[in-house]
Amino acid sequence: MKPFHVSDCTLLTNMSGLPAAVNLRELRDRLAICSADVLYHHFCETPLVPFFDNPDYRNDFAVWSKLHLSDRVLAERLGVIDPYLAADIEILRSQVLDIIDERLSEVQVVPTALPGSEFYFLEATTVVFDTGNVIEHPTGLRNAILNMTNSSIYFHFLEAKRRPPVCIDDFSAWLADWGNDFESYIQALQSIDFMFLTLAELKNELAAVVAMQGE
Amino acid sequence: MGRKLEAYEGIVGTAVIRQLRQLGEKLAGKRVVHVNSTREGGGVAEILGWMVPLMEDLGLNAHWEVITGSGDFFSVTKSIHNGLQGFPVTISSAGWQTYQDVNAVNFERLRSLLEDADVVIIHDPQPAPLLNLCSDRKGKWIWRGHIDISHPFRPTWKTLKNFVVGYDASIFSMCQFALPLPHPQFLIAPSIDPLSDKNCDLGASELEEARARFGLDPYRPLVVQISRFDRFKDPIGVIEAYRLVRRVSPIQLILAGGGATDDPEGKAMLDDVLEAAAGDPDIHVLLLPPDDHRTINALQRLADVVIQKSTREGFGLTVTEGLWKGKPVIGGDVGGIRSQVVNYHTGFLVNTPEGAAHRIRFLLHHAELRNSMGIKAREYVREHFLLTRHLREYLTLFHHLLSKREEKMFYV
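Rendered as structure tokens:
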């Protein structure tokens, strides 16, 4: 069997070229035309962005709605979206637009941010590094996970889901190559609800479920 | 010869150094030229002071060039700088002509280097016209705007824009700083060098020596603002805040900074500060030589509270320095200070002298919280604002631009 090569990654962030949105209608209009990379960045790359407080929501649109549009109803509706459940980014886009359109039909005044709190549409290039670390056998997976950086965890568990084979993390894809012996590991990994975990917490959770299967 | 990359391994870890070496291998031999307008004084010169040697250590053929100019030129570029930060300024046609003429003279001196370079990074507006002068360029040209140009004085930006639209890419410290330009705009925050004289650990004797040299009372709290004497750093506002605190608490204040050769307004601002501080022995206004980094380091470490009450700010490396020394920072709620100072975590954002006074008193009354915030502040800088992250993002950008690929993911 092939060993697992541990990678690490970083983001090179750039402006999308779209003007910043100052209110909900502008947010909607920009989301309708932005690239898939913009949606991906604001939904899925957020764990790599520094923060202190555990935010209520994982995507930037929900956070902005709450903090800067002061629209908690919209924030709750956007915040529950799990981008990893959408079959592709266009389905995700239509889901977001539906929610915003519905909200726009409900409110009397278009929610607007204060100057200085506009929403900026960003995207990022993912740069991948070979760490030189290799996992020879699934029994070494737990320790290897514990020694990984948070960005390695992001790359192999979250970012992996958009790479072929899509919707499967790298650990599960590798374990599948070992036949049925590690099926329980795969099921355990795929049962993790990672939406509310920081990368550090996700690392510990991954290591814990792998360890449980090995007992 | 500068410091080797491996010297930072104990601070940032082996993996970070390994990533940089991998990027360096991909870019080995590439000619990279940085151009700015001062060799010393200010954050840009400090960054280039470590970045260029480290790029060389990684195998790049890196150069740092400084444009030279007359007093008239730097008066014009200071006006441009102020205009970009939203201050209404008048720049005459003759002034803009001086701006271009001085750049033309500098271009002739730098012509062969700039024409042959694989990557040229032009820092801030002073050398921006070099691009249009270099018609035989073969490399990629990047304009690096270090200041907040989000709300410029329109006439200034309207003219300056003609000099920057032609770049292949630009870099800003934060998305809020950027203005629409017809090329990719990347976001890269600045950083500090944790091993430089300004940021390295200092022994107790050196701190005590600095305390004695400036006549500071070890038994009374000390508030320190380190920055150039510049209106946007609001040193007068800091004195107002000090006076509000002083009514109830016997604090001491240090306002210290060096001059920069490209800042002709510094002397006038210093005079205003000296006048505002006159007669108060507990306000120490220090004009330090630009290379007196260890003194600045010592003053930041002696501080109970570090303050940076800017009303406009590019990034605010003095904030990063204070945080790295384990001090909560009271910062103006502007620019890059917002991305470093997080209320109740690494310091407090304030908008007025009254707000600054309130937070100074709060921190002086909560010593335990002050210490825990300081620990958090240092780790925040370690993770996000050290030179290794900064260098990695620059190299990644070079790789991205030179590879001419559009992929949103690439393997190093």
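For the protein sequence lines, the chains are A and B, in the order given.
Counting with the working numbering, you get residues 383 to 597 for the letters of the first sequence.
Counting with the working numbering, you get residues 1071 to 1482 for the letters of the second sequence.
All C-beta atoms in this analysis are idealised placements derived from N, C-alpha and C, irrespective of residue type, glycine included.
Segment limits, alpha helix (DSSP H) that includes residue i
{"i": "D1186 of chain B", "result": "S1163 to D1186"}
{"i": "Q595 of chain A", "result": "L581 to G596"}
{"i": "F553 of chain A", "result": "D552 to A558"}
{"i": "K1100 of chain B", "result": "Where K1100 of chain B is concerned, there is no enclosing alpha helix (DSSP H), given that its DSSP letter is neither H nor E."}
{"i": "D411 of chain A", "result": "L406 to I415"}
{"i": "Q1410 of chain B", "result": "I1407 to Q1410"}
{"i": "D483 of chain A", "result": "I471 to E488"}
{"i": "R1073 of chain B", "result": "Note, R1073 of chain B: premise wrong, no alpha helix (DSSP H); not H, not E."}
{"i": "Q572 of chain A", "result": "E565 to Q572"}
{"i": "H1469 of chain B", "result": "L1457 to S1473"}
Chain-ordered chain B contacts of residue i [CB-CB under 7 Å]
{"i": "F443 of chain A", "result": "Near F443 of chain A there are no residues of chain B at all, since even the closest Cβ is about 15 Å away, more than 7 Å."}
{"i": "D419 of chain A", "result": "K1478"}
{"i": "T521 of chain A", "result": "None at all; the shortest Cβ gap to chain B is about 23 Å."}
Enclosing beta strand (DSSP E) for residue i [first to last residue]
{"i": "F1299 of chain B", "result": "Taken as a continuous stretch (DSSP letters only), F1299 of chain B belongs to no beta strand (DSSP E), as it is neither H nor E."}
{"i": "N515 of chain A", "result": "L504 to I517"}
{"i": "F539 of chain A", "result": "Counting along the chain, F539 of chain A falls outside any beta strand (DSSP E), and DSSP gives it neither H nor E."}
{"i": "Q1255 of chain B", "result": "Q1255 to L1257"}
{"i": "T1388 of chain B", "result": "No beta strand (DSSP E) contains T1388 of chain B, which is instead part of the alpha helix (DSSP H) from L1387 to W1394."}
{"i": "A1447 of chain B", "result": "A1447 of chain B -> not in any beta strand (DSSP E); alpha helix (DSSP H) instead, spanning A1437 to H1454."}
Beta-carbon spacing of residue i, residue j below 7 Å
{"i": "V510 of chain A", "j": "C391 of chain A", "result": "yes"}
{"i": "L451 of chain A", "j": "P493 of chain A", "result": "yes"}
{"i": "I1430 of chain B", "j": "V1375 of chain B", "result": "yes"}
{"i": "P1398 of chain B", "j": "L1433 of chain B", "result": "yes"}
{"i": "N396 of chain A", "j": "P1254 of chain B", "result": "yes"}
{"i": "I471 of chain A", "j": "L421 of chain A", "result": "yes"}
{"i": "D1352 of chain B", "j": "Q1322 of chain B", "result": "yes"}
{"i": "G1384 of chain B", "j": "I1217 of chain B", "result": "yes"}
{"i": "W1213 of chain B", "j": "S1240 of chain B", "result": "yes"}
{"i": "F1177 of chain B", "j": "L1200 of chain B", "result": "yes"}
{"i": "T1388 of chain B", "j": "F1455 of chain B", "result": "no"}
{"i": "L1090 of chain B", "j": "R1364 of chain B", "result": "no"}
{"i": "Q1196 of chain B", "j": "T1147 of chain B", "result": "yes"}
{"i": "F485 of chain A", "j": "A589 of chain A", "result": "Here the sequence assigns Arg to residue 485 of chain A, which means Phe is not the residue at that position. For R485 of chain A and A589 of chain A, no; Cβs fall outside 7 Å."}
{"i": "T1012 of chain B", "j": "F1302 of chain B", "result": "Outside the shown range of chain B (1071 to 1482) lies residue 1012 of chain B, about which nothing can therefore be said."}
{"i": "I1262 of chain B", "j": "I1366 of chain B", "result": "no"}
{"i": "A1280 of chain B", "j": "A1368 of chain B", "result": "yes"}
{"i": "H1221 of chain B", "j": "G1156 of chain B", "result": "yes"}
{"i": "L686 of chain A", "j": "I535 of chain A", "result": "Residue 686 of chain A lies beyond the stretch modelled for chain A, which goes from 383 to 597, so this question has no answer here."}
{"i": "V1355 of chain B", "j": "L1393 of chain B", "result": "no"}
{"i": "H1469 of chain B", "j": "K1446 of chain B", "result": "no"}
Member of the options whose CA lies at the smallest distance from the CA of residue i
{"i": "E408 of chain A", "options": "A:D483, A:T507 and A:L528", "result": "A:D483"}
{"i": "S1182 of chain B", "options": "B:F1302, B:R1207 and B:I1309", "result": "B:R1207"}
{"i": "N529 of chain A", "options": "A:A582, A:I568 and A:Y439", "result": "A:A582"}
{"i": "R1313 of chain B", "options": "B:V1293, B:R1298 and B:S1149", "result": "B:V1293"}
{"i": "V1102 of chain B", "options": "B:E1095, B:L1184, B:A1115 and B:S1149", "result": "B:L1184"}
{"i": "S1275 of chain B", "options": "B:V1136, B:L1372 and B:A1174", "result": "B:L1372"}
{"i": "S389 of chain A", "options": "B:R1088, B:G1080, B:I1081 and B:E1076", "result": "B:R1088"}
{"i": "I568 of chain A", "options": "A:D552, A:M383, A:L579 and A:R410", "result": "A:D552"}
{"i": "W1134 of chain B", "options": "B:F1143, B:D1142, B:L1387 and B:E1110", "result": "B:E1110"}
{"i": "K1478 of chain B", "options": "A:T513, A:N586, A:E505 and A:A558", "result": "A:E505"}
{"i": "G498 of chain A", "options": "A:N405, A:N532, A:V592 and A:F386", "result": "A:N405"}
{"i": "G1386 of chain B", "options": "B:P1260, B:D1186, B:D1194 and B:V1086", "result": "B:P1260"}
{"i": "F1223 of chain B", "options": "B:D1267, B:V1159 and B:K1268", "result": "B:V1159"}
{"i": "S554 of chain A", "options": "A:V592, A:F501 and A:N586", "result": "A:V592"}
{"i": "F1144 of chain B", "options": "B:G1425, B:N1106, B:C1204 and B:H1469", "result": "B:N1106"}
{"i": "A1290 of chain B", "options": "B:G1273, B:P1305 and B:V1315", "result": "The question names Ala, but residue 1290 of chain B is Arg in the sequence shown. Closest option to R1290 of chain B, Cα to Cα, is B:V1315."}
{"i": "D575 of chain A", "options": "A:D453, A:L540 and A:H424", "result": "A:L540"}
{"i": "Q595 of chain A", "options": "A:F537, A:D512 and A:T521", "result": "A:T521"}
Proximal chain B residues relative to residue i, where beta-carbon distance stays under 8 Å
{"i": "Y502 of chain A", "result": "C1245 and Q1246"}
{"i": "P432 of chain A", "result": "Y1450, E1453 and H1454"}
Chain A residues whose Cβ lies nearer than 7 Å to that of residue i
{"i": "A1085 of chain B", "result": "D390, T513 and T531"}
Closer than 9 Å at the beta carbon, the chain A residues around residue i
{"i": "Y1481 of chain B", "result": "S389, V509, V510, F511 and D512"}
{"i": "Q1092 of chain B", "result": "F511 and D512"}
{"i": "Q1255 of chain B", "result": "N396, M397 and G399"}
Contact list for residue i against chain A, beta-carbon separation under 8 Å
{"i": "P1123 of chain B", "result": "Neighbours of P1123 of chain B on chain A: none; closest Cβ ~22 Å, over 8 Å."}
{"i": "Q1089 of chain B", "result": "D390, T392 and F511"}
Quiz prompt | Interfacial residues, the segment 1440 to 1469 of chain B to chain A, with Cβ spacing under 9 Å | solution = K1446, Y1450, E1453, H1454, R1459, R1462, E1463, T1466, L1467 and H1469
Quiz item: Taking Cβ-Cβ distances below 7 Å as the criterion, which residues of the segment 1257 to 1274 of chain B are in contact with chain A?
Solution: L1257
Quiz item: When Cβ atoms are compared, which residues of the segment 1214 to 1225 of chain B fall closer than 7 Å to chain A?
Solution: none
Quiz item: Any residues in the segment 1306 to 1322 of chain B with a beta carbon nearer than 8 Å to a beta carbon of chain A? Which ones, in chain order?
Solution: none
Quiz item: Which residues, in order along the segment 1413 to 1441 of chain B, keep a beta-carbon less than 7 Å from a beta-carbon of chain A?
Solution: H1415
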